[in-house]
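Chemist: Pasting a structure below so you can have a look.
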Amino acid sequence: MFKTIIAILATFTVGFLVSSMFSNVTAHQTAQELYELPLSQPKQKDNVFAKTIFVPEPEPKAVPGDRVPEGSIGVYSDQVVMKISNPKWAKFTDTHSMDPVLSSKAHAIEIEPESPDDIQVGDIVSYVSEYADGTIIHRVVETGEDSKGWYAIMKGDNNPKEDPGKVRFEQIKRVVVAIIY
C-alpha cells in the first residue's frame with residue numbers, strides 16, 4: 092500500500108513538473124518565435140530548457156543584398172520575367188567550395204558592380220585571384236579599407252578557411268543576383 096501511494100505521488104509530481112516546464116515554454120514563445128528571431132527586435136530572455144531540448148536558436152548569418160526588387164519580377168503561367176539591367180549568365184565548375192548553394196548543376200544571373208558600395212558582406216561574387224587560375228565564385232565574409240583602399244575577404248561556404256589575400260574592387264567582376272537550379 093505504501094509503495095502504491097509513493098508511486099502515485101511520484102507520477103503526479105513528475106507530471107506536474109513536465110507540465111510546468113512545457114507550459115512555461117509555450118506560454119512565452121509561439122512556434123514561430125522558437126524558430127526565428129527577427130534581428131530588429133530585442134532578444135528576449137533565454138529559455139535554456141527550450142534552447143537545449145526543443146530547438147536551438149540559429150546563428151544569424153550575413154545574406155546577399157536584395158538587388159532585384161519584387162516589383163521587377165513577373166511570374167506567369169508560361170514564363171518568369173526579371174527586369175535586371177545588363178544581366179550576365181554564369182555557369183559553375185563543381186569544386187564543392189560553395190556546396191550546397193552552388194554546383195555545376197546550378198546557373199546564375201550576375202551583374203557588374205559599379206563601385207565598392209555595391210558589394211556587401213554576404214554577397215556571392217565572381218573575382219579574379221592572384222592565387223588561382225580562372226574566376227572564383229565565393230562569398231564576401233568581410234570588407235574593409237587599408238592603405239591600398241577598399242578590400243574584401245572571400246570564403247567558399249564549404250571551405251574551412253577564408254581565401255588567401257585581400258580582394259580589391261578591380262578584381263571583382265560580377266555579383267550574383269539570382270541562382271537558378
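Here the sequence shown stands for residues 92 to 272, where the numbers follow the numbering used here.
Cβ coordinates follow ideal geometry from the N, Cα and C atoms, glycine included.
Just list the alpha helix (DSSP H) runs in the segment 201-264, keeping only unbroken ones of 4 residues or longer that don't cross its boundaries, in chain order.
Modeler: Whole alpha helix (DSSP H) segments, 4+ residues: zero.
Chemist: So for residue 165, helix, strand or coil by DSSP?
Modeler: Along the sequence shown, one-based indexing puts residue 165 at 74. Here residue 165 sits in strand by DSSP.
Chemist: Measure the Cβ-Cβ separation of residue 266 and residue 216 and say whether it is below 7 Å.
Modeler: Within the sequence shown, the letter at position 175 stands for residue 266. Within the sequence shown, the letter at position 125 stands for residue 216. In this structure, residue 216 lies closer than 7 Å to residue 266 by Cβ.
Chemist: Between the Cα of residue 273 and the Cα atoms of 101, 203 and 185, which residue gives the shortest distance?
Modeler: Here the chain comprises residues numbered 92 to 272, so residue 273 is not present and cannot be evaluated.
Chemist: Since residue 270 sits in a beta bridge, which residues does DSSP pair it with?
Modeler: Within the sequence shown, numbered from 1, the residue matching residue 270 stands at position 179. Beta-bridge pairing links residue 270 to 199.
Chemist: Does residue 157 have its Cβ less than 7 Å from a Cβ in chain B?
Modeler: In summary, chain B is missing from the structure at hand, where a single protein chain is found.
Chemist: Do you know offhand how far residue 295's Cα is from residue 188's?
Modeler: Given that the chain is displayed from residue 92 to residue 272, the structure contains no residue 295 and the question cannot be resolved.
Chemist: May I ask which residues mark the beginning and end of the beta strand (DSSP E) holding residue 181?
Modeler: Along the sequence shown, read from residue 1 onward, the residue named residue 181 stands at position 90. Its beta strand (DSSP E) spans residues 179-182.
Chemist: If you measure between the beta carbons of residue 192 and residue 248, is that distance less than 7 Å?
Modeler: If you number the sequence shown from 1, residue 192 lands on position 101. If you number the sequence shown from 1, residue 248 lands on position 157. Yes, these two residues count as a Cβ contact at 7 Å.
Chemist: Buried or exposed: where does residue 101 fall if 16 or more other Cβ atoms within 10 Å of its Cβ makes it buried?
Modeler: Along the sequence shown, read from residue 1 onward, the residue named residue 101 stands at position 10. So residue 101 ends up on the exposed side.
Chemist: What do you get for residue 150, buried or exposed, if any count of 16 or more other CB atoms within 10 angstroms of its CB means buried?
Modeler: Your numbering for residue 150 matches position 59 in the sequence shown. With fewer than 16 Cβ atoms within 10 Å of its Cβ, residue 150 is classed as exposed.
Chemist: Rounded to the nearest angstrom, what separates residue 181 and residue 237 at their Cα positions?
Modeler: Along the sequence shown, read from residue 1 onward, the residue named residue 181 stands at position 90. Along the sequence shown, read from residue 1 onward, the residue named residue 237 stands at position 146. C-alpha separation (whole angstroms): 31 Å.
Chemist: Just mark residue 183 as buried or exposed, buried being the case when its beta carbon has 16 or more other beta carbons within 10 Å.
Modeler: Working through the sequence shown from its first residue, we reach residue 183 at position 92. By the neighbour-count rule (16 or more Cβ atoms within 10 Å), residue 183 is buried.
Chemist: Between which two residues does the beta strand (DSSP E) carrying residue 173 extend?
Modeler: Counting from 1 along the sequence shown, the entry for residue 173 is found at position 82. Segment 171-173, the beta strand (DSSP E) holding residue 173.
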